[in-house]
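Numbering (the working numbering), first residue to last: 91 to 307.
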Ligand code: AP5
């Protein structure tokens, strides 16, 4: 199974991807997570991405396309979920070209829909584990012990780009450059599963699983 998860920042892409990959045995390929690992490792790519990420803009398409096509090529044949990629029409075209060359295609695009008003509280309340990548929320998905990862890794941290100012830039970037990606796939008659993600996390998960099963993906 090969899926793309689309949605604005804070829509719950990472949260739902973790549940999808667990249920269907897929690889989770998150462009944001890969970029954060590159930054932590101090690589050239990480250094180039830093200023774009910290301001809420997009990292240049050529860097992202090479990075994500490389990640796809490294996954096993069991399939994958793309989280945060493609984020521009140019990235979607780059992905299409690479898949076509390999004789592959995306089975479905899961689109999480959340109004802007719901986003800020989600992002500023998010806490993540820098060791295992688990994501929590101070109200909506609390860890068992305040500020600590449930898996015993250690203290949780707040992402630097989750401040109100950067979140507002990320939303602006989403509307200006990423929202059009849905139209790109609509115009190509791709299978699109639209999910109301403005409801509790477990209800969203249930709706995603139901939609995937109803579409026989
Ligand atoms: P990235 O890490 O991809 O950030 P994002 O797309 O802005 O998405 P987030 O990870 O912030 O949110 P999410 O939808 O995964 O939500 P989550 O599940 O965590 O990218 C970061 C940066 O990297 C970009 O700004 C850009 O600079 C760069 N970048 C990445 N990809 C790129 C690309 N392709 N091209 C160019 N640049 C790129 O949930 C958020 C919080 O809400 C959590 O606390 C969660 O517990 C809570 N929550 C989740 N669902 C619900 C719910 N239903 N109800 C209540 N709370 C919920």
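A virtual CB, placed ideally from N, CA and C, is assigned to each residue, including glycine.
For ligand 1, no non-hydrogen atom lies closer than 7 Å to the CB of residue 152. The Cβ atoms of residue 91 and residue 197 lie closer than 8 Å to each other. For residue 192 and residue 162, the gap between their C-alpha atoms comes out near 11 Å.
When secondary structure is reduced to three states using DSSP, residue 252 falls in the helix class.
By the C-beta density criterion, residue 103 is buried, having at least 16 other C-beta atoms within 10 angstroms. Spatial neighbours of residue 284 in its own chain (CB-CB distance under 8 Å, excluding positions within 5 residues in sequence) are listed in chain order as 201, 203. The criterion of a C-beta distance shorter than 8 Å is not satisfied by residue 178 and residue 256. Relative to the non-hydrogen atoms of ligand 1, the Cβ of residue 251 comes within a distance shorter than 7 Å of at least one. Residue range 225-227 is occupied by the beta strand (DSSP E) that includes residue 225. Taking the Cα positions, residue 246 is about 29 Å away from residue 150. In this structure, the beta-carbon distance from residue 215 to residue 228 falls below 8 Å.
Within its own chain, the residues whose Cβ lies closer than 7 Å to the Cβ of residue 170, once the five positions on either side in sequence are excluded, are 92, 116, 117, 119, 162, listed in chain order.
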